[in-house]
Amino acid sequence: MLANLAAALFTHKSIKTTETKAKRMRPLVERLITFAKRGDLHARRRVLAVIGDKTVVHELFTEIAPLVELREGGYTRITKLGFRKGDNASMVQIELVLEPVSPKPKSAKKTAAAAAASAPAEVAVEETEPAAEEAPVESAEQAEAVEVETAEVDAEAAPVGDAK
Amino acid sequence: MAVPKRKMSRASTRARRAQWKATPPTLVKTVEGGKTTYSLPHRAKVVEDSTGAPLYMEYKGRKVADV
Chain A
0 MLANLAAALF
10 THKSIKTTET
20 KAKRMRPLVE
30 RLITFAKRGD
40 LHARRRVLAV
50 IGDKTVVHEL
60 FTEIAPLVEL
70 REGGYTRITK
80 LGFRKGDNAS
90 MVQIELVLEP
100 VSPKPKSAKK
110 TAAAAAASAP
120 AEVAVEETEP
130 AAEEAPVESA
140 EQAEAVEVET
150 AEVDAEAAPV
160 GDAK
Chain B
0 MAVPKRKMSR
10 ASTRARRAQW
20 KATPPTLVKT
30 VEGGKTTYSL
40 PHRAKVVEDS
50 TGAPLYMEYK
60 GRKVADV
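So the sequence lines, in the order shown, correspond to chains A and B. Residue numbering for the first sequence follows numbering that gives the first Met the number 0, starting at 0 and increasing by one per position. Residue numbering for the second sequence follows numbering that gives the first Met the number 0, starting at 0 and increasing by one per position.
Okay, here's the thing in structure tokens:
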């Protein structure tokens, strides 16, 4: 059944099915597309072992594979639609992601990550010196404050002790 | 075949049935043009034209499926 669903998805590019079936067929479909991207005869025979229909496999190798050439996985998209009337099953639309890859958000994240990775090394060197200068002053102030407080506490505590 | 030995009391029957409760669905509130709608999260919505006739299903600004 998963093979038939996959064949239907490659034929129509977008099919409506239940959520369970869609989630089960997703890994199979993605693997078949990976074979299609490889494109050699061995890969074609391995796909034909799952999907018997040669026309579907031909379409997969010649039309779908070039469209997802630059995409590194994530060839399918599942969108929940609602619940079927008869048995209240959650229905979804599973479709092939055939749009050209837009690496904008990905590159932004990567550059941010790269900047974050390289920046701490530079910033750390810069920060250590001011921090080293500031830290003793602060700690000294804090230490004084603590001493004053403890002295006050002692002063307050002492009369009580005397009273007893 | 296993057969109950004793009659099940009214109390235990009712105690069992009392455990079946409805749970409120988690909805998201969207205010669109002064109209508040509650809908299930992460689910495609039906887009309607001005007369209220359904056109297609939409999710995150993308047309997903026909109605």
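All C-beta atoms in this analysis are idealised placements derived from N, C-alpha and C, irrespective of residue type, glycine included.
Need the endpoints of the beta strand (DSSP E) that residue i sits in, please.
i: F82(A); result: T75 to F82
i: P103(B); result: Since the first and last residues shown for chain B are 0 and 66, residue 103(B) lies out of range.
i: P38(B); result: First, the amino acid is wrong: residue 38(B) is Ser here, not Pro. Looking at the DSSP string, the run of the beta strand (DSSP E) that includes S38(B) is K34 to S38.
i: R61(B); result: R61 to D65
i: V91(A); result: S89 to L95
i: K44(B); result: K44 to E47
i: E58(A); result: E58(A) -> not in any beta strand (DSSP E); alpha helix (DSSP H) instead, spanning K53 to E58.
What's the gap between the Cα of residue i and the Cα of residue j?
i: K28(B); j: S13(A); result: 29 angstroms
i: R37(A); j: T16(A); result: 28 angstroms
i: V67(A); j: A17(B); result: 54 angstroms
i: D86(A); j: A21(B); result: 18 angstroms
i: L1(A); j: A88(A); result: 18 angstroms
i: A1(B); j: M7(B); result: 15 angstroms
i: T50(B); j: K59(B); result: 23 angstroms
i: I63(A); j: R30(A); result: 13 angstroms
i: R61(B); j: R44(A); result: 36 angstroms
i: P23(B); j: L69(A); result: 44 angstroms
Within the 8 angstroms Cβ cut-off, does residue i reach chain A?
i: A52(B); result: no
i: A64(B); result: yes
i: A21(B); result: no
i: Y37(B); result: no
i: Y58(B); result: yes
State the CB to CB distance for the pair residue i and residue j, rounded to an integer number of angstroms; the pair is presumed to be in contact (CB under 8 angstroms).
i: L54(B); j: S38(B); result: The pair is not a contact, with the Cβ atoms about 17 angstroms apart (cut-off 8 angstroms).
i: V55(A); j: T10(A); result: 6 angstroms
i: A6(A); j: D52(A); result: 6 angstroms
i: V63(B); j: E57(B); result: 6 angstroms
i: A35(A); j: L4(A); result: Rounded, the Cβ-Cβ distance is 17 angstroms, inconsistent with contact.
i: A43(B); j: L80(A); result: 5 angstroms
Counting only beta-carbon separations shorter than 8 angstroms, does residue i have a partner in chain B?
i: G72(A); result: no
i: T19(A); result: no
i: L4(A); result: no
Quick check on the DSSP output: the alpha helix (DSSP H) that includes residue i runs from which residue to which?
i: I32(A); result: E18 to R37
i: L4(A); result: L1 to H11
i: L47(A); result: L40 to V49
- Message: For the region 93-101 of chain A against the region 71-79 of chain A, do three or more pairs of beta-carbon atoms, one drawn from each stretch, fall closer than 8 angstroms, so that the two count as touching?
- Response: Three or more beta-carbon pairs separated by less than 8 angstroms link the region 93-101 of chain A to the region 71-79 of chain A, which places the two stretches in contact.
- Message: Within 8 angstroms, do at least three Cβ pairs link the region 46-53 of chain A to the region 12-24 of chain A?
- Response: Put simply, the region 12-24 of chain A does not touch the region 46-53 of chain A. Fewer than three CB pairs are less than 8 angstroms apart.
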